[in-house]
Amino acid sequence: MESWLLTNELYLRLGAFFGVFLIMALWEKARPCRPLNFTRWYRWSNNLALVFLNSLILRLLFPVAAVGVALLVEQKGYGLLNLLGLPLFVSTFIAVVTLDMLIYWQHVLFHKIPMLWALHKVHHADLDYDVTTGARFHPIEILLSMLVKMAAIVLLGAPAVAVLVFEILLNASAMFNHSNIQLHRTVDKFVRMFFVTPDMHRVHHSQIQQETDSNYGFSLSCWDRLFSTYTAQPKKGHLGMDIGLSELKEPSLVCSLKGMITLPFRR
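Take the sequence shown: its letters are residues 3 to 269, numbered as in this note's numbering.
Okay, structure coming up:
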């Protein structure tokens, strides 16, 4: 099973990305939570162009990527989990949960450290909130995130299959919880006991600072409760809340590909 997953890594990644993207896009179109301020074509063409650019840069600078580093770590026996010699199922579970917690803390730091926030605000400056927002990140933030992830893989000794599962889960979760949908209240209450829901993460994109500084989780919802950064609902409600950053309102500066790339370097 492990060898099959790794052999078909590219197909699994692409299948998961396009599958989840299509489902959420159709769901948003059929039953949107909030009316959009701009046409899909305007924002999507630029947001997806940024996704393509990020993917190209990662492939050029890190041809082996995170899974490749994990395979090397397994061969060399580096990292805590390799030293412990746990069964693959157990080490995979531990690695996925640990990496998800790492992403939570990385997200917190990107909000708290001014230099990192300058990069991360590209994600928050989106003037609408939908499935493409989940993949809208500045290239430098993507590169820094990959370096952090690789270092964590080496120290942890994460199995390659765990890294693959984690990355697929992270990408799918980002598209799901950034989508412009609203689960039934009962369903949302149950799902967010374990995973981040669109209603839960949408609070994080509020213009109210207290709400922006909450709900940092991407996949597992436990970290925000555990580290006291959880906000259940936005003060203005999901239909009344203001999305984005109050100081960045001009579409040409925050929605165009050029605007997103240059945003961290503008005063």
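Glycine included, C-beta positions come from ideal geometry on N, C-alpha and C.
Closest in alpha carbon position to Leu88, among Pro161, Phe196 and Met195, is Pro161. Leu222 sits in a strand when the DSSP states are folded into three classes.
In this structure, Gly219 keeps its C-beta atom at 8 angstroms or more from the C-beta atom of Tyr131. The C-alpha of Gln184 is placed about 7 angstroms away from the C-alpha of Pro34. In this structure, Val53 and Ala137 form a Cβ contact; the two beta carbons are roughly 5 angstroms apart against a cut-off of 8 angstroms. For the 8 angstroms CB-CB criterion, Val98 and Phe168 form a contact. For Glu30, the uninterrupted alpha helix (DSSP H) run begins and ends at Glu11 to Ala32, by DSSP. Contact between Ser208 and Thr199 fails: their C-beta atoms lie close to 15 angstroms from each other, not under 8 angstroms. Residue ranges of uninterrupted alpha helix (DSSP H) with 4 or more members, entirely inside the stretch 181-212 and ordered along the chain, are 187-193 and 200-204. Judged by DSSP in its simplified three-state form, Ile263 adopts helix. With the rule of 3 Cβ pairs closer than 8 angstroms, the stretch 240-247 does not count as touching the stretch 257-267.
DSSP links Ile245 through a beta bridge to Ser208. Annotation: the stretch 48-109 contains the following complete segments of the alpha helix (DSSP H) (minimum length 4 residues), in chain order: 67-78 and 82-86.
By the Cβ neighbour-count rule, Val92 is exposed, with fewer than 16 other Cβ atoms within 10 Å of its own. Going by C-alpha positions, Ala32 is about 47 angstroms away from Asn84. Non-local beta-carbon contacts of Phe19 in its own chain, meaning distances under 7 angstroms to residues more than five positions away in sequence, involve Asn173 in chain order.
Per DSSP, reduced to three states, the secondary structure at Gly136 is helical. Counting only residues of its own chain and dropping the five nearest sequence neighbours on each side, Ala154 has a CB closer than 6 angstroms to the CB of Leu104. Of the candidates Phe139, Ile210 and Lys114, Phe139 places its Cα closest to the Cα of Ile59.
Linking Asn49 to Pro141 through their CA atoms gives a straight-line distance of about 12 angstroms. By the beta-carbon neighbour count (other beta carbons within 10 angstroms, threshold 16), Pro37 is exposed.
One Cα belongs to Gly70, the other to Phe95, and the distance between them is close to 19 angstroms. DSSP, read as helix, strand or coil, puts Asn173 in helix. Nearest to Leu55 by C-alpha distance, out of Asp190, Glu143, Cys224 and Ala72, is Glu143. The straight-line gap separating the alpha-carbon atoms of Leu12 and Val256 is approximately 31 angstroms.
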